[in-house]
Amino acid sequence: MEVTDKELLIRYRRGQVDALEALIEKYRRPLFGFIINMIQGRDEADEIFQEVWLRVIRKHVKYKHGNFCGWLVRIAHNVIIDRIRRRKPELSLDEEHEEGLSLGQMMQSNEPEPATRMALQDLSVRINEAVNVLPAEQKEVFLMRVQAELSFSEIARIQKVSINTALARMQYALGKMRTILSKDYRELNEKFDS
Amino acid sequence: MNCEKIQQQILLNQTGELSGQEFETLCNHLVECEKCRKYRDDIEKVMSVARTSLPAGEPGAAVMAGILAAAREESNRKPLFFTPAYMQWAACAAAAVFIICGTALWSFREKPVSAASQMSTIAMAVGSEEVLHAISQSGKTEKDQELQSLASQLLLMEGFIVEEHPAEIEFSDAVDERQPTALQLHSIDAFELQRCV
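Chains E and B, in that order, are what the protein sequence lines are. Just so you know, this note's numbering puts 95 at position 95 of the first sequence, and the rest follows in order with no gaps. Numbers in this note's numbering are just positions in the second sequence, counted from 1, shifted up by 194.
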């Protein structure tokens with residue numbers, strides 16, 4: 001029988017560090033995937049990933065029940081916002097600054113690397129680019145849904161908005177991606193059908 | 195139901211957040227609406243491709259080692275029993291025990307005997323129903339003066355002699371039925387008194 005996340009956490013509370021290691025291993029990919037797509041910088045993603053787990057170690061008693069991955073993503077969301085505020089105090093994730101870009105967008109590298117430029121023909125790269133031009137709040141909803149596979153009620157709780165707002169953000173994100181990727185639809189359909 | 199609402203329900207259906215009735219409405223709408231069917235197919239493709247195409251990556255080995263080292267250090271640093279949550283529960287349990295014990299002690303304490311109760315005891319001891327009735331009436335007000343007056347009448351009637359200053363008569367906290375000595379009185383046998391007269 002599979003051990004639940006809560007059981008693993010209880011074991012860690014009793015001093016079994018390997019139980020925490022099992023939790024880290026279980027959620028390594030979805031959590032790191034969410035972070036690296038939000039941040040777009042390998043070193044910073046590593047730092048945030050580490051910070052998330054250090055907060056889990058310090059505040060594991062605060063986890064009561066529910067989706068553990070949702071709790072991790074919530075912590076990651078808070079860490080990312082803290083970092084943005086530390087750099088630019090009193091700014092929000094979506095507020096527009098230089099050249100109409102939000103802070104979330106400013107955190108990403110605007111100039112694609114030469115290797116990336118060469119690979120622009122690749123569908124996955126175009127999808128990646130399509131995600132990166134989304135406003136930060138919409139992008140976050142999209143990544144929470146696609147990478148961390150959270151429900152909309154969990155996403156709404158993390159972003160502290162109503163479920164309708166979370167759904168609307170996802171709809172906008174998908175709508176923009178459909179538009180951006182409309183030229184690639186034939187390729188997309190072929191990839192899907194194959 | 196309009197298509198915009200249905201498109202939200204398509205998203206909620208992916209996460210299993212639709213009720214049975216909403217699911218049925220969605221299915222009925224999709225049978226009839228080609229636009230919404232296309233939307234559903236499109237977003238499923240976009241999300242499926244995004245899931246596999248977006249950079250996943252993995253944290254560096256040094257990051258993982260750092261996290262586990264911190265976990266071990268935290269685990270060794272303090273006994274896990276004394277985490278804040280346990281402390282809170284212990285404090286709540288101690289407070290609950292204190293309240294329960296306090297309530298129990300309060301309810302089982304020795305209650306002070308009222309003046310009316312003392313007088314009833316005396317009246318019963320001397321067997322005067324008339325005085326008992328008077329006490330039950332005056333006992334509602336708990337006025338010691340009235341009770342002392344009644345006590346004097348009772349004692350005189352039944353052959354007791356009350357001291358010269360009945361106002362100074364004090365009721366003790368506990369009265370023994372057999373010894374109504376709290377009313378500093380001298381007992382004279384009524385039969386003897388009647389005989390003297």
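All C-beta atoms in this analysis are idealised placements derived from N, C-alpha and C, irrespective of residue type, glycine included. In this text the structure is predicted, and so the values were computed from the model without any measurement.
Straight-line CA distance for residue i to residue j?
i                : j                : result
Leu9 (chain E)   : Arg58 (chain E)  : 12 Å
Cys221 (chain B) : Glu154 (chain E) : 25 Å
Ala264 (chain B) : Ala255 (chain B) : 14 Å
Met281 (chain B) : Asp18 (chain E)  : 25 Å
Arg279 (chain E) : Leu143 (chain E) : Any question about residue 279 (chain E) goes unanswered here, given that chain E covers just 1 to 194.
Lys239 (chain B) : Gly15 (chain E)  : 44 Å
Val131 (chain E) : Gln159 (chain E) : 18 Å
Ser244 (chain B) : His65 (chain E)  : First, the amino acid is wrong: residue 244 (chain B) is Ala here, not Ser. Taking the straight line joining both Cα atoms gives about 29 Å.
Thr209 (chain B) : Ala288 (chain B) : 44 Å
Val161 (chain E) : His77 (chain E)  : 14 Å
Thr297 (chain B) : Lys6 (chain E)   : 38 Å
Ala368 (chain B) : Arg303 (chain B) : Note that Ala368 (chain B) has pLDDT 45, beneath the 50 cutoff, so the model's placement of it is unreliable and the number below is only indicative. Each residue's Cα considered, the two are about 14 Å apart.
Pro253 (chain B) : Ser247 (chain B) : 18 Å
Arg13 (chain E)  : Ser269 (chain B) : 8 Å
Val79 (chain E)  : Val3 (chain E)   : 28 Å
Met107 (chain E) : Glu47 (chain E)  : With a pLDDT of 42 at Met107 (chain E), under the threshold of 50, the modelled position of that residue is not reliable, and no figure is offered here.
Ser301 (chain B) : Leu348 (chain B) : 34 Å
Ile81 (chain E)  : Glu140 (chain E) : 12 Å
Val257 (chain B) : Gly214 (chain B) : 45 Å
Leu23 (chain E)  : His60 (chain E)  : 12 Å
Asp235 (chain B) : Leu123 (chain E) : 18 Å
Ile129 (chain E) : Lys26 (chain E)  : Reading off the sequence, residue 129 (chain E) comes out as Glu, not Ile. Glu129 (chain E) and Lys26 (chain E): Cα-Cα distance of roughly 28 Å.
Trp283 (chain B) : Glu226 (chain B) : 57 Å
Leu344 (chain B) : His327 (chain B) : 11 Å
Tyr63 (chain E)  : Leu72 (chain E)  : 10 Å
Glu228 (chain B) : Met241 (chain B) : 20 Å
Using a Cβ-Cβ cut-off of 8 Å (strictly less than) and excluding sequence neighbours within five positions of residue i, which residues of its own chain qualify?
i                : result
Ile36 (chain E)  : Arg42 and Ala45
Cys230 (chain B) : Cys197, Ile200, Gln201, Ile204, His223 and Leu224
Ile127 (chain E) : Met177 and Leu181
Gln147 (chain E) : Pro30, Gly33, Phe34 and Asn37
Leu212 (chain B) : Gln203, Leu206 and Leu220
Alpha helix (DSSP H) containing residue i: first to last residue?
i                : result
Lys59 (chain E)  : Arg42 to Lys59
Arg303 (chain B) : No alpha helix (DSSP H) holds Arg303 (chain B); DSSP gives it neither H nor E.
Ser269 (chain B) : Ala255 to Arg271
Pro135 (chain E) : Run containing Pro135 (chain E): none; DSSP gives neither H nor E here.
Tyr172 (chain E) : Ile163 to Ile180
Lys6 (chain E)   : Asp5 to Arg13
Cys227 (chain B) : Unbroken run through Cys227 (chain B): none, as it is neither H nor E.
Ala76 (chain E)  : Phe68 to Arg87
Gly33 (chain E)  : Val17 to Ile39
Ser153 (chain E) : Phe152 to Gln159
Asn207 (chain B) : Cys197 to Gln208
Considering only residues of the same chain and omitting the five flanking positions on each side of residue i, which have a CB-CB separation below 6 Å?
i                : result
Ile75 (chain E)  : Val52 and Arg55
Gln201 (chain B) : Tyr233
Tyr172 (chain E) : Gln138
Compare the beta carbon distance of residue i and residue j with 8 Å and say whether it is the shorter of the two.
i                : j                : result
Leu150 (chain E) : Gly70 (chain E)  : yes
Phe32 (chain E)  : Phe49 (chain E)  : yes
Ile237 (chain B) : Leu174 (chain E) : yes
Whose C-beta lies closer than 7 Å to the C-beta of residue i among residues of the same chain, with five residues either side of it excluded?
i                : result
Ala259 (chain B) : none
Ile163 (chain E) : Phe152, Ser153 and Ala156
Glu216 (chain B) : Gln203
Leu167 (chain E) : Phe152
Arg11 (chain E)  : Ala19
Asn207 (chain B) : Phe217 and Leu220
Met118 (chain E) : With a pLDDT of 46 at Met118 (chain E), under the threshold of 50, the modelled position of that residue is not reliable, and the figure given next carries that caveat. So no residue of the chain qualifies.
inquiry  = I want to know whether the region 290 to 298 of chain B touches the region 77 to 88 of chain E - three or more CB-CB distances under 8 Å.
reply    = For the pair of segments examined, the region 290 to 298 of chain B was found not to touch the region 77 to 88 of chain E: the number of CB pairs separated by less than 8 Å stays below three.
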